[in-house]
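Sequence positions in the sequence shown follow this note's numbering and run 148 to 399.
Note that CB positions come from ideal geometry on N, CA and C, so glycine has one too.
These numbers come from a predicted model, not from an experiment.
Everything on this sheet refers to the single structure shown next.
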Amino acid sequence: MEKKEKTIEMLRQVQAGTLSPEQAALQLKLDPFEDLGYAKIDHHRALRQGAAEVIYGQSKPQEQIEGIVKAMEAKGSRNILITRVDQYKAAYLSEKFSMKYEPCARLAVALPQPVEGRGAIVVATGGTSDMGVAEEAAITAETLGNRVTRLYDVGVAGLHRLLRNLETLMQARVVIAVAGMEGALASVVGGLVDCPVIAVPTSVGYGAAFGGVSALLSMLNSCASGVSVVNIDNGFGAGFLASRINQMEGIQ
């Protein structure tokens, strides 16, 4: 049970008279963060923001990642996202914890548990080369409790592939458009749907694509309204933001 659900349950106990207000206040004050020396884990983040801390794995030694996961596990966290983690670190961690790992996305979910998805998020890519970033977005959103539909390789080089999926796109609460090269997919999708579009530029492209800068600038200059842009290759950021939008009050 995540911190937010635990807190709600605790408040219900106070309401029912099985827990005193003083005991509840003490529990809320205990360990808002934990200092491991190399990391200060924010155990109250789920309470404040609705989702626990996410571990950025790329520049951390595997032993540090292990220590953070252990500390979060001790506080009841499950479905712990570890982003940008390579196969070697993933293999090490899988010996310590139950874990799901997607090498294409370089994304792991430690201590996985089933999550009931809600709403409708669509993740679309311009090409198959964008799938790693798209999977980072899709798995992030699914882990945070959202239903995700994948539409891969539906870029503007063959627009009929995208148009064949109009019904799916128009039923979405949020669309994540992932594309490299000139990044035109986000503008096209933005002109078709009535929901927020999160554009993710990728570093896919030839020399003048400048490692995704070309797609980034195209998406920032989109003529379609309702398109927002995250950083180059930031699938995690797009998936997290899409989850926030999809789970806003009143959206089912």
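One Cα belongs to leucine 364, the other to threonine 230, and the distance between them is close to 25 angstroms. The DSSP assignment places 192 to 196 as complete runs of the alpha helix (DSSP H) inside the stretch 177 to 206, in order along the chain (cut-off: 4 residues). Residue environment for aspartate 380: buried (at least 16 other C-beta atoms within 10 angstroms of its C-beta). If you check the CB distance, glycine 338 and methionine 366 do not come in under 7 angstroms.
Taking the Cα of leucine 254 as reference, the smallest distance to any Cα among Glu283, Ser245, Ala221 and Gln260 is reached at Glu283. Cβ neighbours of alanine 333 within its own chain (closer than 7 angstroms, five residues either side excluded): Ala324, Ala326, Val344, Ala346, Met366, Ser369 and Val374.
Taken atom to atom, the span from the alpha-carbon of alanine 281 to that of tyrosine 299 is near 9 angstroms. Asparagine 226 sits buried, since 16 or more C-beta atoms from the chains shown fall within 10 Å of its C-beta.
Under the DSSP assignment, threonine 290 falls in the alpha helix (DSSP H) whose first and last residues are 278 to 290.
Per DSSP, the continuous alpha helix (DSSP H) segment holding methionine 317 begins and ends at 313 to 317. Between threonine 287 and glycine 386, the gap from beta carbon to beta carbon is short of 7 angstroms. Within the stretch 211 to 247, the complete beta strand (DSSP E) runs of at least 3 residues fall at 227 to 230.
Exposure of cysteine 251 is indicated by the presence of fewer than 16 other C-beta atoms within 10 angstroms of its C-beta. With a 10 Å radius around the Cβ and a threshold of 16 neighbouring Cβ atoms, leucine 310 comes out exposed. Rounded to the nearest whole angstrom, the C-alpha separation of leucine 166 and glycine 223 is 20 angstroms.
Here the alpha carbons of methionine 219 and arginine 391 stand approximately 22 angstroms from one another. Cβ-Cβ distances below 7 angstroms link alanine 285 to Val270, Val295, Arg297 and Gly386 in the same chain, with the five nearest sequence neighbours on each side left out; the list follows chain order. Asparagine 293 has Arg265 as its beta-bridge partners, per DSSP. When secondary structure is reduced to three states using DSSP, leucine 158 falls in the helix class.
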